[in-house]
Amino acid sequence: MSKTIKKQKVVLDTNVIVSASILVNVKELEIPVRHRFYDQSIQLFSVFKKRPSEKIGIATPLVRSEAFLVLSKAVKNELISNLDLNDLKVKENFFNSTVAFVSLCEHKMHSLFALLEQPQVSKYHFDINLGKVIQMSKYIKEYLWKNRYSRRYQREKEVEIRSKPITTDPYWKDDQKEEVITTHGDQVYREAKQLERFMNKYPNRNDEKILAETITIKYHYPDHKFYIASCDAGFFSPLRIEGGVKSDTVTREIETRFKITCDFPREIFFLIDEPDIQDNGILDVQDNTPL
Amino acid sequence: MNIPVRERTLKQITKSLNDMETTGQVDLSILDNLNELRQFLQSIKTKWLQNKNSDGFYFYQAVRNIDLILDKMTERFKKSKENRDNPKIALDSLVLLPAIDQVLKITESDVINDQTIDFVLRTTRDLRNVATHQNLIEPQEVDIALIDKEQLKWEFENIMKNIDMPTHPPFKVVKDDKETESCT
Numbered sequence: 001m002s003k004t005i006k007k008q009k010v011v012l013d014t015n016v017i018v019s020a021s022i023l024v025n026v027k028e029l030e031i032p033v034r035h036r037f038y039d040q041s042i043q044l045f046s047v048f049k050k051r052p053s054e055k056i057g058i059a060t061p062l063v064r065s066e067a068f069l070v071l072s073k074a075v076k077n078e079l080i081s082n083l084d085l086n087d088l089k090v091k092e093n094f095f096n097s098t099v100a101f102v103s104l105c106e107h108k109m110h111s112l113f114a115l116l117e118q119p120q121v122s123k124y125h126f127d128i129n130l131g132k133v134i135q136m137s138k139y140i141k142e143y144l145w146k147n148r149y150s151r152r153y154q155r156e157k158e159v160e161i162r163s164k165p166i167t168t169d170p171y172w173k174d175d176q177k178e179e180v181i182t183t184h185g186d187q188v189y190r191e192a193k194q195l196e197r198f199m200n201k202y203p204n205r206n207d208e209k210i211l212a213e214t215i216t217i218k219y220h221y222p223d224h225k226f227y228i229a230s231c232d233a234g235f236f237s238p239l240r241i242e243g244g245v246k247s248d249t250v251t252r253e254i255e256t257r258f259k260i261t262c263d264f265p266r267e268i269f270f271l272i273d274e275p276d277i278q279d280n281g282i283l284d285v286q287d288n289t290p291l
Numbered sequence: 292m293n294i295p296v297r298e299r300t301l302k303q304i305t306k307s308l309n310d311m312e313t314t315g316q317v318d319l320s321i322l323d324n325l326n327e328l329r330q331f332l333q334s335i336k337t338k339w340l341q342n343k344n345s346d347g348f349y350f351y352q353a354v355r356n357i358d359l360i361l362d363k364m365t366e367r368f369k370k371s372k373e374n375r376d377n378p379k380i381a382l383d384s385l386v387l388l389p390a391i392d393q394v395l396k397i398t399e400s401d402v403i404n405d406q407t408i409d410f411v412l413r414t415t416r417d418l419r420n421v422a423t424h425q426n427l428i429e430p431q432e433v434d435i436a437l438i439d440k441e442q443l444k445w446e447f448e449n450i451m452k453n454i455d456m457p458t459h460p461p462f463k464v465v466k467d468d469k470e471t472e473s474c475t
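One line per chain: the protein sequences are A and B, in this order.
Here the first sequence is numbered in my numbering, starting from 1 and rising by one per residue.
Here the second sequence is numbered in my numbering, starting from 292 and rising by one per residue.
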């Protein structure tokens, strides 16, 4: 019996491409650092490289257009923002070094983009889908957040409602009731965590647009399972808190409404990868010396 | 004062390149025009270096990219005979001039706000894309030689943190690093 492989497409968020381009460079420059996103981003690209005919990876138009801006801003915010140099010559060298680093990363970004499919998106359908995404964001903000999680008393009330079947039942002992309340309390706390991140960035138009583009592209691949790989736990990927527990209220909403699974690159890698590739990764990702 | 310099220099360069295209011969007197443009670039770069606003870096970056493209252009003109790059280098350079003009126009202004930053970054990206297609971008080795690895080593972790939120004001970052750890 032949093995059926489900067709897959992975849309990459800007931060995955930008971080991968920085990370590859850092490794090539032999800078002794190790970053938690390094293995993740590179592993995912190794799958695209290994299975080119399937064209698994996708870069949406917005990701393509904003990648250089995101890269420049990320590097500048860190290397330049707190700089206080009076000597213009020293400052010039510093600026030139930073420009060179951005350019080098951009070179790398082009080679990473070459591994990805870069489809066009119909503006008409995109606008319709953006409306649906904005509607979802409003639902999360106005209904989920405001009614259930934004204030402490609401969270307590939510715990109370969930625990009610047990706490009002005379057959349960007090310590058992308390245990149930604690369990529901933890659950509500977890659910609120990703929402807090989401609200800190609300309204997150860029992520909303990337999601709308993905939904539009998905129309052209009705028999494919769609994923979005992102390092951003405020919109796409679940927030993982202590003990490996996930806070994924927003992520689940996206999956329920649009049938798109969002997660960190590593999780997507394990979802799409075949065992032989996991065993024999193309790119060596283990030999970076820790700082 | 600066605007006439840009217009005059670019006009001279355009004329020389058009002449080369017509005659099919490279005229190395264009190197003087390129040097003049380079001096003008230096004055804009100095202006942005003196600017206390750190966002001035984006404008500096734009001009610096033109600088590096001119280096490559000069090198190709000088070696055009031996590399049989004659007059292709003239045609390639000609394609790039509108993008250079656009970048210079925005960097001459002193206005720094979200719109001008966005615009200068987009024009820089477009300029680099055109330069790449015309083979007028410096090779990666040049970039590598210019990078201060020590500086990068210490700032690297923080650069990565910034990737998440470049188009928004920094949001509250969860203190416990385990919360942002994707795999435990």
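Beta carbons are placed, not taken as given, at the ideal position from N, Cα and C, and that holds for glycine.
Treat the numbers as computed from the prediction; the structure is a model and nothing was measured.
I want to see whether chain B comes within less than 9 Å of residue i, judged by CB atoms only; does it?
| i | result |
| --- | --- |
| P7 of chain A | Sequence inspection shows Lys at residue 7 of chain A; the Pro mentioned does not correspond to that position. So, not an interface residue. |
| S46 of chain A | no |
| L271 of chain A | no |
| K209 of chain A | no |
| F113 of chain A | no |
| S137 of chain A | no |
| E106 of chain A | yes |
| F236 of chain A | no |
| E30 of chain A | yes |
| I80 of chain A | yes |
| N141 of chain A | As written in the sequence, residue 141 of chain A is Lys, which differs from the Asn given in the question. Not one chain B Cβ lies under 9 Å of K141 of chain A. |
| L12 of chain A | no |
| H220 of chain A | no |
| H224 of chain A | no |
| H184 of chain A | no |
| K76 of chain A | yes |
Quick one: measure Cβ to Cβ for residue i and residue j, integer angstroms, because I've assumed they're closer than 8 Å.
| i | j | result |
| --- | --- | --- |
| R419 of chain B | N356 of chain B | 6 Å |
| T214 of chain A | S122 of chain A | That pair is no contact at about 13 Å. |
| L62 of chain A | I210 of chain A | 6 Å |
| P238 of chain A | T251 of chain A | 5 Å |
| T414 of chain B | V433 of chain B | Going by Cβ atoms, the distance from T414 of chain B to V433 of chain B rounds to 22 Å, so no, they are not a contact pair. |
| S97 of chain A | I438 of chain B | 5 Å |
| A229 of chain A | P203 of chain A | Actually they are not in contact, since the Cβ atoms of A229 of chain A and P203 of chain A sit about 22 Å apart, beyond 8 Å. |
| Y341 of chain A | V10 of chain A | This structure cannot speak to residue 341 of chain A, because chain A is shown only from 1 to 291. |
| S41 of chain A | L23 of chain A | 6 Å |
| F269 of chain A | Q43 of chain A | 5 Å |
| L116 of chain A | F48 of chain A | 7 Å |
| A212 of chain A | L130 of chain A | 4 Å |
| R190 of chain A | S247 of chain A | 5 Å |
Could you tell me which chain A residues have their CB closer than 7 Å to the CB of residue i, listed as they occur along the chain?
| i | result |
| --- | --- |
| I397 of chain B | Neighbours of I397 of chain B on chain A: none; closest Cβ ~14 Å, over 7 Å. |
| L437 of chain B | N96, S97 and A100 |
| Q431 of chain B | L104 and H107 |
Cβ of residue i less than 9 Å from any chain A Cβ?
| i | result |
| --- | --- |
| S345 of chain B | yes |
| I403 of chain B | no |
| R413 of chain B | yes |
| T365 of chain B | no |
| L359 of chain B | yes |
| T305 of chain B | no |
| T407 of chain B | no |
| F462 of chain B | Low confidence applies to F462 of chain B: its pLDDT is 30, below 50, so where it sits in the model is not reliable enough to give any reading. |
| K440 of chain B | yes |
| R240 of chain B | No information on residue 240 of chain B is available, as it lies outside the stretch 292 to 475 that chain B covers here. |
| L427 of chain B | no |
| L387 of chain B | no |
| T423 of chain B | yes |
| L443 of chain B | yes |
Going along chain A in order, which residues have a C-beta closer than 8 Å to the C-beta of residue i?
| i | result |
| --- | --- |
| Q341 of chain B | L88 |
| R355 of chain B | F95, N96 and V99 |
| L325 of chain B | By Cβ distance, chain A contributes nothing, its closest Cβ being about 19 Å from L325 of chain B, past 8 Å. |
List, in chain order, every chain B residue whose beta-carbon is nearer than 7 Å to that of residue i.
| i | result |
| --- | --- |
| N103 of chain A | Note that residue 103 of chain A corresponds to Ser in the displayed sequence, not to Asn. Result: D434. |
| S72 of chain A | Y349, Q352 and L412 |
Please compile the residues from chain B whose C-beta is within a distance smaller than 8 Å of the C-beta of residue i.
| i | result |
| --- | --- |
| S150 of chain A | Chain B residues near S150 of chain A: none, gap ~15 Å exceeds 8 Å. |
| E92 of chain A | K336 and L340 |
Can you list the residues of chain B that residue i reaches, using a CB-CB cut of under 9 Å?
| i | result |
| --- | --- |
| F198 of chain A | Within chain B, no residue comes near F198 of chain A; the closest Cβ sits about 10 Å away, beyond 9 Å. |
Can you pull the chain A neighbours of residue i, defined as C-beta to C-beta under 9 Å?
| i | result |
| --- | --- |
| R419 of chain B | F68, S103 and E106 |
Taking Cβ positions only, does residue i come closer than 9 Å to chain E?
| i | result |
| --- | --- |
| L332 of chain B | The structure shown contains no chain E; the protein chains it does contain are A and B. |
- prompt: Is the stretch 164 to 172 of chain A close to the stretch 144 to 154 of chain A, with three or more CB pairs under 8 Å?
  reply: no
Segments of 4+ residues assigned as alpha helix (DSSP H) that fall wholly inside the stretch 55 to 130 of chain A: 61 to 79 and 88 to 113
field: Stretch-stretch touch, CB-based, cutoff 8 Å, three pairs: the stretch 333 to 342 of chain B with the stretch 361 to 381 of chain B
entry: no
Length-filtered (4 minimum) alpha helix (DSSP H) runs lying within the stretch 343 to 418 of chain B: 347 to 369 and 379 to 399
message: Going residue by residue through the stretch 176 to 262 of chain A, where are the continuous alpha helix (DSSP H) segments of at least 4 residues, counting only ones entirely within it?
response: 205 to 218 and 249 to 258
- prompt: Touch check for the stretch 179 to 196 of chain A and the stretch 97 to 108 of chain A: three-plus C-beta pairs under 8 Å?
  reply: no
Three CB pairs or more closer than 8 Å across the stretch 378 to 398 of chain B and the stretch 303 to 321 of chain B: yes
query: Is the number of C-beta pairs between the stretch 298 to 317 of chain B and the stretch 385 to 399 of chain B that are closer than 8 Å three or more?
result: yes
Contact the stretch 66 to 80 of chain A vs the stretch 9 to 20 of chain A: 3+ CB pairs below 8 Å: yes
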